[in-house]
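Structure first, then comments.
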Amino acid sequence: MRRLYPSPADVEAAHRIYDELAFPPPPPGRPYVWINMVSTLDGRVTLGRGRIRTPLGSRLDRTLMARMRVHADAVLQGAGTVRDAGYFPGVPDDLREWRRAQGRQEHPLVVVITGSCTLPLEAPLFSRAPRRPLVITSRRAPEERVAAVQAVADVEVAGDEQVDLPRALAFLRTSRGVEYLLSEGGPTLNHSFFAGGLADELFLTVTPRIDGYRADLTPVDGPSVIEPLPQMEPVSIHLHEGELFLRYRRAVEAGRGGQR
């Protein structure tokens, strides 16, 4: 692996580049949010709208994805991601002791965002979870679905027709003590984060592959242009066997303490 930015240098332990991440303090009233995604070279995160199940990223990308979770108080997924994958986003064995030494549970809290509570409750995320997940939903979710979810997860209502994301984040911070939140998608949820000014960082792996299908989703995919366009600045860039590992942070306006 080669680090391209900052300070170009060779990196021996490629799988450890995110083991010692440092983040700014969380903003008032919500967690610090970073998003992790993988895309093709032409900017697609699905293949055939999910019909093709070939993993986009390499084994190294999947390893880094898992190891990054060690820094999170909670890992968040949208309902679409849970329905498509259903995996439990846990921490690798060799990093659990580090979390215990920090006085934290071995695995982050798993949070699922769903407006309808339509979830695959038999998925490993629920059926094999070593820690009871939290599902945040809206009032439009049918009572019978909410009751079914409550058998395998804690449930919090935040919003009427859809989940109110700022309210959900405020709940995580004040009621669950979540200061650092990792979101693993999907694209629609990412759009909501950026549109609401709630995304602080984006980790994006770019694979040397071309999709070419116009209907496939991008890392941040929604119904409208986000205005003003969120401005990001690079934190680190690594290259390994054709894959780019990008870390971007929301840019701070010159002369001001806030973020764009």
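The sequence shown: position 82 = 82 (full-length UniProt numbering), numbered continuously.
Positions of the beta carbon are idealized from the N, C-alpha and C atoms, including for glycine.
Asked: What three-state label does DSSP hand residue 71 in the structure shown?; Found: helix
Asked: So residue 121 and residue 152 are in contact, right, with Cβ under 8 angstroms, and what is the actual spacing, rounded?; Found: 5 angstroms
Asked: Can you give me the C-alpha to C-alpha distance between residue 154 and residue 7, rounded to a whole angstrom?; Found: 45 angstroms
Asked: For residue 42 and residue 212, which I take to be in contact (beta-carbon distance under 8 angstroms), what is that distance rounded to the nearest angstrom?; Found: 6 angstroms
Asked: If you measure between the beta carbons of residue 36 and residue 179, is that distance less than 9 angstroms?; Found: no
Asked: Quick check on this structure: which residue in 130, 123, 167 has the alpha carbon closest to the alpha carbon of residue 137?; Found: 167
Asked: Shortest alpha-carbon distance to residue 125 belongs to which of 194, 218, 85, 1?; Found: 85
Asked: Can you tell me the Cα-Cα spacing of residue 243 and residue 60, whole angstroms?; Found: 10 angstroms
Asked: Rounded to a whole number of angstroms, what is the C-alpha to C-alpha distance between residue 261 and residue 163?; Found: The requested residue 261 does not occur in the structure, where the chain is confined to residues 1 to 260.
Asked: For residue 18, which residues of its own chain have a beta-carbon under 7 angstroms away from its beta-carbon, when the five flanking residues on both sides are left out?; Found: 64, 67, 68
Asked: Residue range of the beta strand (DSSP E) that residue 15 falls in?; Found: Counting along the chain, residue 15 falls outside any beta strand (DSSP E), and DSSP gives it neither H nor E.
Asked: Can you list, in chain order, the residues of its chain whose CB lies under 7 angstroms from that of residue 54, leaving out five sequence neighbours each side?; Found: 47
Asked: Check residue 255 in the structure and name its three-state DSSP category.; Found: Bear in mind that a pLDDT of 39 at residue 255, under 50, signals an unreliable position, so the number given afterwards is only what the model happens to contain. Residue 255 falls in the coil class under three-state DSSP.
Asked: Exposed or buried, residue 224, counting other C-beta atoms within 10 Å across all chains shown (16 or more means buried)?; Found: exposed
Asked: Go ahead and pull the three-state DSSP assignment for residue 227.; Found: coil
Asked: Tell me the rounded alpha-carbon separation between residue 200 and residue 220.; Found: 14 angstroms
Asked: Alpha carbon to alpha carbon, how far is residue 88 from residue 175? Give it in angstroms, no decimals.; Found: 23 angstroms
Asked: Using 8 angstroms for Cβ pairs, my map puts residue 70 next to residue 99. What's the rounded Cβ distance?; Found: 6 angstroms
Asked: I need the straight-line Cα distance from residue 56 to residue 207, nearest angstrom please.; Found: 7 angstroms
Asked: On the DSSP bridge assignment, give the partners of residue 238 in chain order.; Found: 3, 245
Asked: If you draw a straight line from the C-alpha of residue 191 to the C-alpha of residue 1, how long is it?; Found: 31 angstroms
Asked: For residue 143 and residue 251, what's the separation of their Cα atoms in angstroms?; Found: 42 angstroms
Asked: Would residue 110 and residue 134 qualify as a contact pair, given that the criterion is a beta-carbon distance under 9 angstroms?; Found: yes
Asked: Does the distance from the C-beta atom of residue 76 to that of residue 189 stay below 9 angstroms?; Found: yes
Asked: Relative to the C-alpha of residue 161, which candidate in 116, 127, 177, 204 has its C-alpha closest?; Found: 116
Asked: Would you report the Cα separation of residue 210 and residue 187, rounded to the nearest angstrom?; Found: 18 angstroms
Asked: Spatial neighbours of residue 114 within its chain, please: C-beta separation below 6 angstroms, excluding the five flanking residues on both sides.; Found: 79, 137
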